[in-house]
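Everything in the sequence shown is counted per my numbering, starting at 17 for the first residue and increasing by one. Just below is one structure, and these are the notes that go with it.
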Amino acid sequence: MLTGPASGDGGPTEADWAAAVAAVRGLSAEARVLLICHVNPDGDALGSMLGFGLGLRRLGVRRLQATFPGPPELPESLRWLPGADLLVPAVEAYPDPDLVICFDAASESRLGELVDRLDTAGAALVLDHHASNTRFGGIHLVDPRAAATSVVAGELLARLDVPLDAEIAVGLYVALTTDTGSFRFEATTPAVHRLAARLLATGINPGDISRRVFDTRPFGAVQLFGEVLLRARLEPAAAAGHGLVWTYATLDDLARHDQRPYVLEALIDSVRCTAEADVACVLKQVAADEWAVSMRSKGAVDVSRVAVALDGGGHRFAAGFTGRGGVEEVVGRIRARLDEALTAH
Ligand code: AMP
Ligand code: MN
Ligand code: MN
């Protein structure tokens with residue numbers, strides 16, 4: 017398996033695009049294609065994968081599966097996406113597909129138990145936009161300038177001469193709005209709005225999509241958020257005075273409010289608005305001594321440096337890692353790395 021440091025370049029070369037187009041165009045009528053997105057799929061991972069999958073279907077690929085590692089469970093907010101009929105549980109995924117295509121995964125670890133497909137597949141194509149991408153797999157379409165993996169997926173569909181239709185557009189639009197914070201983040205470039213315009217021109221309904229993806233949650237989750245936000249801690253002196261705000265949610269919190277873990281994905285957005293802190297963190301318990309940590313920055317701190325130093329990944333403004341130990345222990349490690357990230361340039 018090929019791994020190495022992120023190249024820090026400007027994205028795929030014409031040779032990379034040509035290799036990706038050839039890998040798809042060269043598929044026989046009987047070829048099996050497996051699409052994989054990262055564990056705990058978000059709107060970009062799932063939307064890019066299913067939007068692209070529908071595009072492959074339009075090209076005549078018949079033996080096509082989409083999957084992701086871990087339990088085959090999706091948040092309600094993403095279950096309705098067109099192309100969800102392509103999804104199979106990880107245990108049912110082709111063991112040796114002719115082509116595997118990975119979406120929005122910065123490193124092999126994000127593919128969980130499906131990582132072996134990189135070796136068993138005839139070819140491995142990687143679509144991603146993380147600067148921290150480790151260049152695993154064989155053909156790389158990794159563009160750190162792209163706001164979402166769906167920008168890369170949309171470009172590849174265009175190069176494959178697949179016309180956008182409303183079903184394809186919904187997935188790509190969900191991906192784009194997820195990773196740009198509904199066009200609020202720095203990544204919201206002219207190219208983002210150009211793609212959004214092409215997607216909207218297919219007739220999709222942005223109000224309905226946003227309501228389903230971002231603005232719907234069970235009342236129990238609303239109350240759980242209240243409790244978790246009440247225990248948030250503000251440390252104005254942390255990150256060399258740029259400030260840190262953090263909180264945590266335990267498995268017990270989820271059980272008391274009868275909620276599934278994925279409802280916590282939106283929690284960071286309520287924490288990161290704290291004016292007094294540049295950096296926001298949410299620790300989401302996944303096992304007795306294991307936490308899925310989300311980090312956000314307003315710009316003074318590159319949180320991907322902190323995440324990578326702690327074996328995770330992400331972007332300058334949004335990153336994450338798996339933390340082991342108690343809450344205070346994990347937060348202590350973040351504090352220390354924040355100071356390092358600010359001093360080491
Ligand atoms: P999240 O906080 O889960 O929304 O993730 C923010 C960003 O960090 C996304 O770009 C993720 O791909 C990345 N990320 C989150 N958790 C991890 C992890 N454990 N390993 C690598 N990257 C991660
Ligand atoms: Mn993602
Ligand atoms: Mn993404």
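Even glycine gets a Cβ: it sits at the ideal position worked out from N, Cα and C.
Verify whether the separation of the beta carbon atoms of residue i and residue j is less than 8 Å.
{"i": "R214", "j": "L172", "result": "no"}
{"i": "E292", "j": "L250", "result": "yes"}
{"i": "L130", "j": "L143", "result": "no"}
{"i": "S166", "j": "A140", "result": "no"}
{"i": "T204", "j": "A169", "result": "no"}
{"i": "V309", "j": "A357", "result": "no"}
{"i": "M311", "j": "C297", "result": "yes"}
{"i": "L102", "j": "L62", "result": "no"}
{"i": "V319", "j": "G329", "result": "no"}
{"i": "R161", "j": "G67", "result": "no"}
{"i": "A254", "j": "L354", "result": "yes"}
{"i": "R382", "j": "V261", "result": "In the structure as shown, the chain begins at 17 and stops at 361. Residue 382 is therefore absent and cannot be evaluated."}
{"i": "G236", "j": "D285", "result": "no"}
{"i": "R351", "j": "L326", "result": "no"}
Is the closest heavy atom of ligand 2 to the C-beta of residue i under 7 Å?
{"i": "A61", "result": "yes"}
{"i": "D58", "result": "yes"}
With distances taken from CA atoms, which of the options is nearest residue i?
{"i": "R233", "options": "R74, A282, E183, R200", "result": "A282"}
{"i": "L50", "options": "A203, G69, V319", "result": "G69"}
{"i": "V287", "options": "D268, G259, D305", "result": "G259"}
{"i": "V238", "options": "P252, A323, D269", "result": "D269"}
{"i": "G59", "options": "E202, A352, I225", "result": "I225"}
{"i": "D135", "options": "A122, P111, S320", "result": "P111"}
{"i": "V229", "options": "R175, E92, P87", "result": "E92"}
{"i": "V295", "options": "H273, W307, P252", "result": "P252"}
{"i": "P28", "options": "G223, A334, A147, L245", "result": "A147"}
{"i": "A316", "options": "P88, L326, F333", "result": "F333"}
{"i": "H145", "options": "A106, R133, K314, D195", "result": "D195"}
Let me check one thing: in DSSP terms, what residues is residue i bridge-paired to?
{"i": "V49", "result": "L80, L115"}
{"i": "C289", "result": "None, per the DSSP bridge assignment."}
{"i": "I350", "result": "Answer is none; I350 lacks a bridge partner."}
{"i": "W307", "result": "Q301, G339"}
{"i": "G330", "result": "A335"}
{"i": "S313", "result": "V295"}
{"i": "V261", "result": "L250, A296"}
{"i": "L141", "result": "I117, I155"}
{"i": "L245", "result": "None; L245 has no bridge partner."}
{"i": "L130", "result": "L130 is not bridged to any residue."}
{"i": "L103", "result": "A82"}
Shorter than 7 Å, the distance from the beta carbon of residue i to the closest heavy atom of ligand 1, or not?
{"i": "T165", "result": "no"}
{"i": "T338", "result": "yes"}
{"i": "S286", "result": "no"}
{"i": "R126", "result": "yes"}
{"i": "L140", "result": "Looking at the sequence shown, residue 140 is not Leu but Ala. Result no, Cβ not under 7 Å from ligand 1."}
{"i": "S64", "result": "no"}
{"i": "A122", "result": "yes"}
{"i": "A303", "result": "no"}
{"i": "A335", "result": "yes"}
{"i": "A323", "result": "yes"}
{"i": "G328", "result": "yes"}
{"i": "S93", "result": "no"}
Note down, in chain order, each residue of its chain lying with its Cβ closer than 6 Å to the Cβ of residue i, except the 5 sequence neighbours on either side.
{"i": "L280", "result": "A265, K300"}
{"i": "F84", "result": "C53, P57"}
{"i": "A182", "result": "T218, G219, I220"}
{"i": "V370", "result": "Outside the displayed span of the chain (17 to 361) sits residue 370, for which this structure offers no information."}
{"i": "A100", "result": "none"}
Counting only the same chain and skipping the five closest in sequence on each side, list residues whose C-beta sits under 7 Å from that of residue i.
{"i": "R74", "result": "V178"}
{"i": "M65", "result": "L51, C53, A82, F119"}
{"i": "R126", "result": "H54, V55"}
{"i": "T19", "result": "Residue confidence for T19 is low, a pLDDT of 34 falling below 50, so the modelled location carries little weight; the figure read from the coordinates is stated next. Excluding residues within five positions, the ones whose Cβ falls inside 7 Å are T150, R151, F152."}
{"i": "A367", "result": "Missing from the structure shown is residue 367; the chain here goes from 17 to 361 and no further."}
{"i": "A34", "result": "none"}
{"i": "E202", "result": "F333"}
What residues in its chain sit with their C-beta under 8 Å from that of residue i, if we drop five residues either side in the sequence?
{"i": "D305", "result": "R340, G341, G342"}
{"i": "L43", "result": "V49, V77, D114, L115"}
{"i": "A45", "result": "G76, R78"}
{"i": "S198", "result": "S226, F230"}
{"i": "W307", "result": "Y264, L299, K300, Q301, T338, G339, R340, V343, V346"}
{"i": "G336", "result": "A308, V309, S310, M311, A323, G328, G329, G330"}
{"i": "P87", "result": "none"}
{"i": "L211", "result": "S166, V167, G170, L188, L192"}
{"i": "H209", "result": "F199"}
Are there any heavy atoms of ligand 3 lying less than 7 Å away from the beta-carbon of residue i, as far as the coordinates show?
{"i": "D195", "result": "yes"}
{"i": "D294", "result": "no"}
{"i": "H145", "result": "yes"}
For a test of your reading of the model: does the CB of residue i fall under 7 Å from any non-hydrogen atom of ligand 4? Yes or no.
{"i": "H54", "result": "Inclusion of ligand 4 in the displayed structure is not the case, the ligand content consisting of ligand 1, ligand 2 and ligand 3 alone."}
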